[in-house]
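Read through the structure below, which is laid out as structure tokens, and then see the notes.
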Amino acid sequence: MTSDFEYALDPVTFAESIGFHPDQWQKDFLSSSYQRILLNCARQMGKSSVCALLSAHRALFYPVSLVLVVSPSERQSGELFRMINGFLDRLPSPPRKIEDMKTSFKLDNGSRVVALPSTETTVRGFAGVDLLLIDEAARVSDDLIKSLSPMLAVSGGKLVALSTPAGKRGWWFDQWVNGGEDYYRFEVPASECPRISPAFLEQERRSLGEWAYLQEYCCIFSETRDSVFSFDSIMASLSDDITPLFSEPIESNHRSIL
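Taken in order, the sequence shown gives residues 351 to 608; the numbers are from my numbering.
Printed below as a string of structure tokens:
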């Protein structure tokens with residue numbers, strides 16, 4: 351029989367033991383040792399499920415862990431929270447919860463899982479986060495991201511930001527394009543899912559239109575519809591070779607305006 355020690359070392363084996371049979375990209379994700387991961391996945395690829403599985407694994411096998419789940423809305427964070435609970439409930443002997451609330455629980459090994467909507471007032475105050483999940487990251491505000499990242503400073507915790515694209519703007523897009531080696535990236539379009547038929551995808555293309563279809567199912571960042579200038583045009587106009595007009599801050603009254 352596989353021991354708890356082996357399950358702790360191998361999230362894939364743990365997943366299969368409770369009836370979750372991951373696709374190859376999900377196995378690669380669960381086995382990854384990277385501390386900063388971006389998941390750019392089409393709809394219905396199982397990105398939320400595999401992140402919930404990783405959260406359950408962390409809370410169960412690493413005592414006194416803090417897992418924080420942040421989503422754009424309370425409904426979305428609550429759904430991911432229910433997935434985490436569901437995986438723990440699949441165990442032959444589910445862990446005992448000494449605290450169990452609508453959007454958080456604490457196991458008897460001291461681990462906590464907390465799910466919150468993405469407002470700065472709800473997330474401030476958390477520290478020592480061991481696993482931070484940012485769901486629908488393309489739709490989470492940049493200001494919120496700035497308030498989340500310091501939570502990993504002391505713990506050295508893992509950050510996973512999962513989403514489908516939502517235009518060429520914001521933190522999610524910037525990190526995907528310009529984040530460099532700070533992040534490991536998974537890109538999984540719907541064409542790689544054996545459970546989604548080509549006929550369905552073609553129907554969705556006709557129904558949604560090309561702009562939405564490319565983002566929802568092909569992992570492609572499309573131009574935002576309200577843009578006056580395209581992202582590529584703006585980037586092409588930038589140059590590091592031009593001397594700035596003002597090299598020093600301009601003072602107006604008693605405060606700097608540059």
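All residues carry an ideal CB built from backbone N, CA and C; glycine is no exception.
Residue i versus residue j: straight-line alpha-carbon distance, rounded
| i | j | result |
| --- | --- | --- |
| Y357 | P539 | 29 Å |
| S505 | G460 | 16 Å |
| K452 | G428 | 8 Å |
| D524 | E566 | 18 Å |
| G478 | V414 | 10 Å |
| D450 | R425 | 18 Å |
| K496 | P467 | 15 Å |
| R408 | H371 | 18 Å |
| S398 | E552 | 24 Å |
| G530 | E573 | 22 Å |
| F579 | E554 | Interpretation of F579 is limited by its pLDDT of 38, a score under 50 that renders its predicted location unreliable; no figure is taken from the coordinates. |
| W561 | A488 | 16 Å |
| T363 | L410 | 14 Å |
| I546 | S557 | 16 Å |
| W526 | S499 | 16 Å |
| A465 | I434 | 10 Å |
| Y412 | G559 | 45 Å |
| F476 | S541 | 39 Å |
| D360 | R393 | 26 Å |
| Q385 | F355 | 22 Å |
| R436 | S443 | Before going on, a small fix: residue 436 reads as Gly here, not Arg. Cα to Cα, the separation comes out at about 13 Å. |
Continuous beta strand (DSSP E) stretch holding residue i: start and end
| i | result |
| --- | --- |
| K452 | From DSSP, K452 is part of no beta strand (DSSP E); its letter is neither H nor E. |
| D485 | 481-485 |
| S513 | 508-513 |
| R462 | 462-467 |
Nearest-angstrom Cβ-Cβ length linking residue i and residue j, presumed shorter than 8 Å
| i | j | result |
| --- | --- | --- |
| L494 | V473 | 7 Å |
| Y533 | L388 | 5 Å |
| E486 | S513 | 5 Å |
| S383 | V463 | With 8 Å as the limit, S383 and V463 do not qualify as a contact, their Cβ atoms being about 22 Å apart. |
| P445 | L430 | About 18 Å separates the two Cβ atoms, so there is no contact after all. |
| G369 | R440 | 6 Å |
Enclosing alpha helix (DSSP H) for residue i [first to last residue]
| i | result |
| --- | --- |
| F571 | It is not in any alpha helix (DSSP H) - F571 carries neither H nor E in the DSSP assignment. |
| A549 | 548-558 |
| E531 | Unbroken run through E531: none, as it is neither H nor E. |
| M433 | 424-439 |
| S497 | 492-498 |
Cβ shell of residue i (< 6 Å), same chain only, five flanking positions each side left out
| i | result |
| --- | --- |
| F571 | P515, K518, F523 |
| M395 | V538, C543 |
| D480 | S415, L416, S505, G507 |
| L483 | C401, V419, V510 |
| C568 | P539 |
| I448 | K456, D458 |
Contact set for residue i: own chain, Cβ-Cβ below 8 Å, skip 5 residues either direction
| i | result |
| --- | --- |
| F536 | W375, D378, F379, I387, L388, L389, N390, C391 |
| I584 | Bear in mind that a pLDDT of 35 at I584, under 50, signals an unreliable position, so the model cannot answer this. |
Contacting residues, own chain, Cβ-Cβ under 7 Å from residue i (five flanking each side not counted)
| i | result |
| --- | --- |
| S423 | P467 |
| A365 | P372, L380, L403 |
| G520 | A488, D492 |
| S421 | S427, L430, P467, S468, D485, E486 |
(Q) Please give the ranges of any beta strand (DSSP E) in the region 355-419, keeping only runs that are unbroken, at least 3 residues long and fully inside the region. (A) Taken in chain order, the unbroken stretches of beta strand (DSSP E) that lie wholly in the region 355-419 and span 3 residues or more are 386-391.
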